[in-house]
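Below is one structure; the comments refer to it alone.
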Amino acid sequence: MGMYKREMMESEMVKVISEALKNMKDPRIEGIVSVTRVELSKDYRYARVYFSVFEKNAKKNEGIFKILENAKGYFKTKVAKHIRTFKAPELTLVHDKGIEKAFELDKLFKKIENEKRNSKSR
Numbered sequence: 043m044g045m046y047k048r049e050m051m052e053s054e055m056v057k058v059i060s061e062a063l064k065n066m067k068d069p070r071i072e073g074i075v076s077v078t079r080v081e082l083s084k085d086y087r088y089a090r091v092y093f094s095v096f097e098k099n100a101k102k103n104e105g106i107f108k109i110l111e112n113a114k115g116y117f118k119t120k121v122a123k124h125i126r127t128f129k130a131p132e133l134t135l136v137h138d139k140g141i142e143k144a145f146e147l148d149k150l151f152k153k154i155e156n157e158k159r160n161s162k163s164r
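Each residue of the sequence shown is one higher than the last, beginning at 43 in our numbering.
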C-alpha cells in the first residue's frame with residue numbers, strides 16, 4: 043500500500059511542479075524545459091526532481107538549469123500548497139539528460155544510415 047501512495051504523490055508532484063514551471067515568468071528560460079519524474083524517499087522528506095532542458099546550446103542549457111536550481115524554494119512552496127503532507131519534502135533538482143542523449147543517438151543513427159546509403163550507391 044505504501045508504494046502505491048508514494049507513486050501517486052510522485053505523480054502529483056510532477057503535475058504541480060510542471061504547472062509551476064509553466065507559470066514562471068523568467069525570460070531567461072528558453073527552449074523546452076520539462077519535469078520528467080520525481081522520486082520521493084520512503085519517509086517522504088526528500089524528493090529528487092528530474093528536469094529535462096532541451097536547448098541546442100549546451101552553455102544556455104546549463105544556465106537554464108541554474109535558474110531552476112535558484113527557483114527551488116518556489117517549487118517547494120507550490121508543492122506545499124497543493125499537496126497535503128505534514129511537511130513539504132526537501133527538493134533536489136537533477137538535470138535529466140536522457141532526452142538530450144536520445145536526440146544525440148538519433149542523429150548518430152541517421153548519420154550511419156546515410157553513410158551506408160552513400161557507400162552502397164558507389
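Glycine residues also receive a C-beta, built at the ideal position from the N, C-alpha and C atoms.
If you're wondering where the values come from, they're calculated on a predicted model, not measured in any experiment.
Proximity to residue 118 across 88, 106 and 84 peaks at 88, based on C-alpha coordinates. Between residue 113 and residue 122 the beta-carbon gap is near 14 Å, outside 8 Å, which marks them as no contact.
Your pair residue 77 and residue 91 checks out as a contact, with CB atoms roughly 6 Å apart and the cut at 8 Å.
Rounded to the nearest whole angstrom, the CA to CA distance from residue 71 to residue 79 is 19 Å. Note that the C-beta distance between residue 106 and residue 75 is below 9 Å.
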